[in-house]
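Those letters in the sequence shown? Residues 1 to 321, per the UniProt record's numbering, in order. Contents: one structure, followed by commentary.
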Amino acid sequence: MHSRPAAGVGLALLSAVTFATSGTFARSLIEAGWSAESAVIARVGVAALVLAIPALLSLRGKWHVLRSNATAIGLFGLLGVALAQVCFFNAVRYLPVGVALLLEYLGIILVVVWMWLRHGQPPRRLTVAGSVAALAGLAFVLDLAGTADFHPVGVLWGLGAAFGLAGYFVLAGRVDPRLPSVAMASGGMAVGAAVLLLIGLTGLLPLHATFGEVTFAGQPTSWLVPIAGLSLVAAVIAYLAGIAGTRILGPRLSSFVGLTEVLFAVLIAWLFLNELPTGWQLFGGALIVAGVALVRLDELRGSPSTPAPVTPEPELALDGR
């Protein structure tokens, strides 16, 4: 029994490190001529197909639950999948992967604002302190002193990803506990891919891709390598490991462990892309991570977080990228 929390932490860390690879895989496709929208469609479309079988098996005898949650799944696909990922992949066109992900994680602070304005739940002191630290860190990450290249378009895309992530967390908190998490993940990714494809076919979104050689980790390789990485590593493995970790740790604690994704993303981008933020940006990133951690810690203090058995299915605690 004592090994279950350790296994849960291990699965949550596996989910974080595999999610953290998405920006690096996407960068190789985008630099080869792929639009961010095409990369997202390929990633979530393939992942939705791979997860379709376990999703269908999990829904046996629960089709009425799927029907009653169709709206929630649709919104999850639009915000947590389509909006968050398109904005994040566009952000990495202009910004280091770590900086883009730090901007996206500000979505957790936006949730605090939403809960205050919409539901009249003012933040407690620890949440206020965390929010202030995160906003102070944002100033360093954006390098307002001007010691690094400042790309306002990339920043806007990163903040758009933050809104998508905030929408994900708000929706995750309302998920019907009877709805299997793998069904929510597969359905949401299918909706996200379908919506982006339909909009792209109208010409409102750029859909272009190249099917030749790309450069990944400084080496020429087939375009199938980053596609496989995005869909199988950064989506299927990431989601399944996150779901399994959530079952052991509970959604709040597992999402707290998931904050390590930012650190993994910076490390992976450094190893494979030779891309490292400036010293001040790293300092700002540390402030943002610390601030978000304080907000998460305040949530953990506000409700019991004892690991629960596998009855009923928990809410998703993944970050929707």
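Beta carbons are placed, not taken as given, at the ideal position from N, Cα and C, and that holds for glycine. Predicted model only: the values in this text are computed from it and were never measured.
Throw me the rounded Cβ distance for the residue i and residue j pair, which I believe falls under 8 Å.
i, j, result
"S131", "P122", "In fact, because the Cβ distance is near 12 Å, the residues do not count as touching under 8 Å."
"V262", "L102", "6 Å"
"H151", "L95", "6 Å"
"R301", "F256", "Going by Cβ atoms, the distance from R301 to F256 rounds to 11 Å, so no, they are not a contact pair."
"P277", "V65", "Contact doesn't hold; Cβ gap of about 44 Å is too wide."
From this set, the options, which residue's C-alpha is nearest residue i's C-alpha?
i, options, result
"R235", "S68, T18 and P5", "Before going further, note that residue 235 is Ala rather than Arg in the sequence given. Comparing Cα-Cα distances from A235 to each of S68, T18 and P5, the minimum goes to T18."
"R67", "A166, A183, R247 and V141", "A183"
"V81", "I243, F211, W116 and G188", "G188"
"E213", "S28, L79 and R247", "S28"
"G8", "E299, S222 and I243", "I243"
"V86", "P206, S254 and F264", "P206"
"E31", "N90, L51 and L13", "N90"
"G192", "A72, R118 and A20", "A72"
"W223", "A217, T210 and L232", "T210"
"V233", "A162, S38, G10 and V50", "V50"
"A20", "G291, N69 and Y105", "Y105"
"V292", "T221, A162, V46 and G245", "A162"
"residue 359", "A36, T246, L267 and T221", "Residue numbering for the chain in the displayed model covers 1 to 321; residue 359 lies beyond these limits and cannot be assessed."
"V46", "L294, S231 and A100", "S231"
Are the CB atoms of residue i and residue j nearer to each other than 9 Å?
i, j, result
"G23", "V128", "no"
"A185", "A55", "yes"
"L171", "F76", "yes"
"residue 338", "F25", "As displayed, the chain neither begins before 1 nor continues past 321, which places residue 338 out of reach and without an answer."
"A16", "G258", "yes"
"G74", "H208", "no"
"V97", "A265", "yes"
"A48", "A190", "yes"
"P180", "L59", "yes"
"Y120", "L165", "Sequence inspection shows Gly at residue 120; the Tyr mentioned does not correspond to that position. No, they are not a contact pair."
"P5", "I248", "yes"
"D298", "L142", "no"
Quick one: using the 10 Å Cβ neighbour count with 16 as the cut-off for buried, is residue i buried or exposed?
i, result
"I53", "exposed"
"G61", "exposed"
"W63", "exposed"
"G320", "A caution first: G320 carries a pLDDT of 47, below 50, which makes its placement in the model unreliable, though a value can still be read off. Result: buried."
"L57", "exposed"
"S204", "Checking the sequence, you will find Leu at residue 204 rather than Ser. L204 should be labelled exposed."
"W116", "exposed"
"L79", "buried"
"G218", "exposed"
"P226", "buried"
"A139", "exposed"
"M1", "Note that M1 scores 42 on pLDDT, short of 50, meaning its location in the model is unreliable and no value can be drawn from it."
"F283", "exposed"
"A70", "exposed"
Does any CB atom of chain D fall closer than 9 Å to the CB of residue i?
i, result
"L273", "Among the protein chains of the structure shown there is no chain D, as only one such chain exists."
Next item on the list: Please determine if the stretch 269 to 287 and the stretch 128 to 142 are in contact, where contact requires at least 3 C-beta pairs separated by less than 8 Å.
Entry: As far as the Cβ criterion goes, the stretch 269 to 287 touches the stretch 128 to 142, which means the pair count is three or higher.
Notebook entry, point to check: Counting pairs of beta carbons, one from the stretch 258 to 272 and one from the stretch 32 to 50, are three or more of them closer than 8 Å?
Noted result: No, the stretch 258 to 272 does not touch the stretch 32 to 50.
Check: Okay, do the stretch 191 to 199 and the stretch 101 to 120 touch, 3+ Cβ pairs below 8 Å being the bar?
Finding: No, the stretch 191 to 199 is not in contact with the stretch 101 to 120.
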